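Student:
Residue numbers (the numbering used here): 26 to 258.
1. With a threshold of 8 angstroms on Cβ separation, who are the neighbours of residue 186 within its own chain once the five nearest residues in sequence on each side are excluded?
2. Where residue 231 and residue 199 are concerned, what is the direct C-alpha to C-alpha distance, given to the nearest angstrom?
3. What's the C-alpha gap between residue 1 and residue 235?
4. What residues in its chain sit with their C-beta under 7 angstroms from that of residue 47, if we drop five residues either side in the sequence?
5. Does DSSP classify residue 257 as helix, strand or coil?
6. Measuring straight from C-alpha to C-alpha, what distance separates residue 56 and residue 153?
7. Which residue comes first and which comes last in the alpha helix (DSSP H) that contains residue 205?
8. Mind checking which residues open and close the alpha helix (DSSP H) that includes residue 177?
9. Would you tell me roughly how many angstroms separate the C-alpha atoms of residue 237 and residue 227, rounded to the nearest one?
10. Would you kindly report the start and end of the unbroken alpha helix (DSSP H) that includes residue 221?
11. If you draw a straight line from the C-alpha of residue 201 to the C-alpha of residue 194, how long is it?
12. Would you identify the three-state DSSP class for residue 150, choosing helix, strand or coil?
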């Protein structure tokens with residue numbers, strides 16, 4: 026085991042020459058080609074989606090599969106000497122140069138901003154708008170409508186009804202009643218009175234007068250005449 030560690034340290038100190046180190050440095054800066062960087066950018070943009078999020082979280086923790094994570098763990102622990110490990114530590118801290126870190130920071134910020142707006146602020150805004158409309162504007166509108174109907178339209182309708190009845194229907198009814206009485210009931214009453222007097226009371230009066238004269242005054246007159254002649258003459 027000690028022999029293996031010594032060989033591995035020697036292997037780390039001088040492995041693959043300056044050219045390979047430069048190549049590895051370039052590969053670290055470019056982070057395994059534009060295609061893979063684009064994939065990482067897409068994965069960062071869609072970070073924390075429910076399905077892909079746990080997988081990506083696990084992949085970030087183990088740095089893209091168990092095999093590659095073990096390799097990276099060994100490389101971080103002893104790869105290319107303490108000096109290069111320190112440089113790798115610095116490069117890992119700054120995430121492969123200031124430019125790429127800034128780009129990743131911006132992309133993460135934009136992705137976080139997009140996700141925050143899309144899944145937090147917009148639903149909160151819609152919920153707030155819905156609650157505002159449902160529990161504030163609609164009740165205010167209903168109260169305003171009720172008060173408008175109760176204190177404006179209903180009194181106006183009652184006043185209009187009163188004025189219509191008072192100045193239209195009542196005068197029309199009175200005029201109709203007057204005309205009905207003047208031109209219908211009064212003539213009918215006079216006609217009825219005339220007919221009653223002419224065909225009932227007058228014949229009765231004449232019959233009463235005739236009977237009175239015939240059965241009362243005439244016998245009295247004859248009796249008076251008889252007594253006058255008999256006891257006087």
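All C-beta atoms, glycine included, are put in the ideal place defined by N, C-alpha and C.
Note that the coordinates shown come from a computational prediction; the quantities given were computed from them, not determined experimentally.
Tutor: Taking the coordinates as given:
1. none
2. 43 angstroms
3. Because the chain in this structure spans residues 26 to 258, residue 1 falls outside the shown range and cannot be described.
4. For residue 47, the predicted model reports a pLDDT of 48, less than 50, meaning its position is unreliable; a value from the coordinates is still stated below. Here the set comprises nothing.
5. coil
6. With a pLDDT of 42 at residue 56, under the threshold of 50, the modelled position of this residue cannot be trusted, and the question is left open.
7. 195 to 205
8. Element bounds for residue 177: n/a, residue is neither H nor E.
9. 15 angstroms
10. 211 to 221
11. 10 angstroms
12. helix
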